[in-house]
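Here the structure comes first, spelled out in structure tokens, and everything after it is commentary.
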Amino acid sequence: MGIATCYPCAKYLLLVLNLFFWISGLALIALGIYFLLRPEVQNIIHLFNFITLLLSCIEILACLLILSGIIIFLIGLFGYCGAQQESRTCLILYIVLVTCVLLAELALFIFIAMYHEQGQVLIKQHLVSQVKKYNHMYPSQYEKAVDYVQSKIE
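One point on numbering: in my numbering, the residue at position 38 of the sequence shown is 247, and numbering is uninterrupted.
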């Protein structure tokens with residue numbers, strides 16, 4: 210009798226949890242789109258172009274936010290469908306995907322912890338070189354980006 214009364218509670222708890230997954234996935238997608246479209250962010254994007262590439266670091270991060278939002282949204286969809294329809298296949302897929310996401314987050318945390326200082330040094334060196342080359346060889350987009358950042362730091 211204990212399992213029979215606990216099952217509906219677990220089912221509705223899983224439904225509510227996946228609603229939060231949906232909301233957080235949509236929030237990440239919206240944040241990524243915001244970073245890609247906001248003019249102030251575009252000024253900063255021009256400043257952080259380390260090498261002339263198709264995408265800058267901030268644009269790559271925005272695309273990663275959108276991609277992770279889509280993945281989280283789909284994981285929530287599998288969990289919701291699995292709980293609502295009591296589908297064993299969807300629930301197993303949900304558990305596997307959540308485990309993969311947790312392992313990826315752990316790997317990312319370890320990577321950031323290991324290379325945090327090197328990233329700060331690289332960014333500092335790049336910004337110093339951009340300020341030194343200000344108004345010399347770079348097109349006006351870099352000058353505008355430096356001006357924008359300096360006006361916002363005040």
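Ideal placement from N, C-alpha and C gives every residue a C-beta, glycine not left out.
On a predicted model such as this, the values are computed, not experimentally measured, just so you know.
Sequence-distant residues of its chain with Cβ nearer than 8 angstroms to residue i (five each side left out)
i    : result
F282 : F230, W231, G234, L235, I238
R297 : G291
Cβ-based neighbour list, residue i, same chain, cut-off 6 angstroms, excluding 5 preceding and 5 following
i    : result
A277 : Going by the sequence as given, residue 277 is Ser instead of Ala. Cβ neighbours of S277 beyond the five flanking positions: L237.
L311 : none
Residue burial classification, residue i (beta-carbon count within 10 angstroms, cutoff 16)
i    : result
I284 : buried
Y303 : buried
K289 : Before going further, note that residue 289 is Tyr rather than Lys in the sequence given. With 16 or more other Cβ atoms within 10 Å, it is buried.
G328 : exposed
A271 : buried
L224 : exposed
F318 : exposed
F287 : buried
L222 : exposed
L315 : exposed
Cβ shell of residue i (< 7 angstroms), same chain only, five flanking positions each side left out
i    : result
K341 : none
**Request:** Any chance you could list the alpha helix (DSSP H) runs of at least 4 consecutive residues sitting entirely within the stretch 259 to 319, in chain order?
**Result:** Fully enclosed alpha helix (DSSP H) runs of 4 or longer: 266 to 294.
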